[in-house]
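Engineer: Structure provided below as structure tokens; questions to follow.
Numbering (the working numbering), first residue to last: 4 to 224.
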């Protein structure tokens, strides 16, 4: 009896796999929110080596919509009484490139032309490890002010990322709901900056991981 169940299960997987529309190329767009109070946009391309294995890459952008960590400090050098990171640079933003490998299950549920399956994806999120920020100096007594540009090129440039997706596929379009976990530290460049002997690292959270919830639209080609 166990053999009969096993044969039945194998046949169902084969039949459901053959029922899938075969295509080699897929483009997608996704939007997500992460635990760094940032939104993320990504455009991606995948090439299917088999019906269930794909390689690809994505180009994306993330930017914080809220940040209350603002490096600042007091001075007593006779000319300036305080300094503060410029408002335009407080919210971190970055472009990234991410090569990926994807595994997809055969259809787990078929309703009409809709097919539900699961996907797992592993990638390397790469970004330029440099940043420039403006620091504003103030004199509260004379109301004088000036700006100075600070630069760092010592941040990390590569992070791993894993994704799990529920995918609902139709012949011309697919909708996926996903969760991503990575060791992305969006503060990696800022942590290494120092102004007036004050390290920016003391202003940012120690946690160096990122979780993201996202929606993705995919189009087979």
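Ideal Cβ placement from N, Cα and C applies to all residues, glycine included.
Contact defined as beta carbons within less than 8 Å: I believe residue 162 pairs with residue 187. What is the distance between those atoms, to the nearest angstrom?
Structural biologist: Along the chain shown, one-based indexing puts residue 162 at 159. Along the chain shown, one-based indexing puts residue 187 at 184. Rounded, the Cβ-Cβ distance is 4 Å, consistent with contact.
Engineer: Evaluate the contact criterion for the stretch 185 to 200 versus the stretch 149 to 167: three or more CB pairs, one atom per stretch, below 8 Å.
Structural biologist: At 8 Å Cβ cutoff, the stretches touch.
Engineer: Give every residue of the same chain whose Cβ lies closer than 6 Å to the Cβ of residue 168, excluding the five residues on either side of it in the sequence, and list them in chain order.
Structural biologist: Counting from 1 along the chain shown, the entry for residue 168 is found at position 165. The answer, listed in chain order, is 122, 179, 181.
Engineer: Using 8 Å as the threshold, is the C-beta distance between residue 126 and residue 72 below it?
Structural biologist: Within the chain shown, residue 126 is the residue found at index 123, counting from 1. Within the chain shown, residue 72 is the residue found at index 69, counting from 1. Contact flag unset, no.
Engineer: Would you mind working out which of 82, 45, 170, 198 sits nearest residue 117, comparing C-alpha positions?
Structural biologist: Here residue 117 refers to the residue found at position 114 when the chain shown is read from its first residue. Ranking the options by Cα distance to residue 117, first place goes to 170.
Engineer: Which residues in the same chain have their Cβ closer than 8 Å to the Cβ of residue 226, if we skip the five residues on either side of it in sequence?
Structural biologist: As shown, the chain starts at 4 and ends at 224. That puts residue 226 outside it, with no answer to give.
Engineer: Flag this pair as touching only if the stretch 93 to 101 and the stretch 54 to 69 have three or more C-beta atom pairs under 8 Å; answer yes or no.
Structural biologist: Yes: the two stretches touch, three or more of their Cβ pairs being nearer than 8 Å.
Engineer: Which partner residues does residue 75 have in the DSSP bridge list?
Structural biologist: Position 72 of the chain shown, counted from the start, is the residue given in the question as residue 75. In DSSP, residue 75 forms a bridge with 87.
Engineer: On the three-pair Cβ rule with 8 Å, is the stretch 135 to 149 touching the stretch 99 to 112?
Structural biologist: Cβ pair count under 8 Å is below three, so no.
Engineer: Within 10 Å of its beta-carbon, does residue 148 have 16 or more other beta-carbons around it, so buried, or fewer, so exposed?
Structural biologist: The residue you call residue 148 lines up with position 145 of the chain shown. With fewer than 16 other Cβ atoms within 10 Å, it is exposed.
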